[in-house]
Ligand code: KIV
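Residue numbers (the numbering used here): 4 to 257.
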């Protein structure tokens, strides 16, 4: 059964009422399957660099990669709201942030996401001034993993970290972000951020159960990248192993 297109207003209205599910999609069939399963928000995340393109981290993802994959997802014409990550280096000035956000919208995205808080506030304000819906991303910022010595570290462990997250979230909410991903934030701080942000939904990943919604990298959820699974994910299918088994059985039958 076809659904009406999900809007950012509907996602915001879920606050305090209904959990929001967001999953990554990088290609047409996955977008169709997730949409048919009723996922309200699809994210063409720059995690595609690691789980699809074979790079060691997300800093290798370019605008050309993002546009290519957003177009593939958009061709599924999903009812789900489609988000796209602004890749590393594409939003270093307000003008570039707006130009690249427009490119992602032209490719078929409904909103854009970028990593960071007050340090990228001018870029976020410029994107929103251009009437492009925006989702923030606070906590562990994978595009900064090299600055963190290659480690994906938990955020909000001490008072200074907690305060930084609270002030960054307040800045994003005041600017008009409708949602914010909280990645690897300690569960108590994620709960506090979720409670204090009244006009922005929090979407957690590895940040405990008390966010307004949850996001996962779909291959992690379905065992599609079986060589690595984050500690906080329990896969609900083993598609990688199913592929190996199907292929071995086909080879044996040749
Ligand atoms: O790139 C991505 O897939 C993401 C999600 C993990 C939130 O940013």
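Even for Gly, the Cβ is constructed at its ideal location relative to N, Cα and C.
- Short of 8 Å from the beta carbon of residue 105, and not among the five residues preceding or following it, lie these beta carbons of its own chain, in chain order: 133 and 135.
- Within a 10 Å sphere around the beta-carbon of residue 7 sit fewer than 16 other beta-carbons, which makes this residue exposed.
- The residues 120, 121 and 124, in chain order, have a CB closer than 7 Å to that of residue 174 in the same chain once the five nearest residues on each side in sequence are set aside.
- By the neighbour-count criterion, in which a residue is buried when 16 or more other Cβ atoms sit within 10 angstroms of its Cβ, residue 184 is buried.
- In this structure residue 18 does not touch residue 188 by the C-beta definition: roughly 18 Å separates them, more than the 8 Å allowed.
- Going by C-alpha positions, residue 15 is about 18 Å away from residue 112.
- Per the C-alpha coordinates, the member of 224, 170 and 72 positioned closest to residue 200 is 170.
- Of the residues assessed, residue 116 falls on the buried side of the cut-off, its CB having 16 or more other CB atoms within 10 angstroms.
- Within the same chain, Cβ atoms closer than 7 Å to the Cβ of residue 233 are found at 209 and 223, the five residues on either side in sequence being excluded.
- In the displayed model, residue 61 falls within a helix according to three-state DSSP.
- In the same chain as residue 156, and ignoring 5 residues on each side of it, the C-beta atoms closer than 8 Å to its own belong to 143 and 187, in chain order.
- As the crow flies, the alpha-carbon of residue 47 is around 13 Å from that of residue 38.
- In this structure, DSSP gives residue 143 a state outside helix and strand, which the three-state scheme calls coil.
- For residue 208, the uninterrupted beta strand (DSSP E) segment begins and ends at 204-208.
- In the DSSP annotation of this structure, the continuous segment of the beta strand (DSSP E) that includes residue 218 starts and ends at 216-219.
- Per the C-alpha coordinates, the member of 89, 239, 158 and 29 positioned closest to residue 138 is 89.
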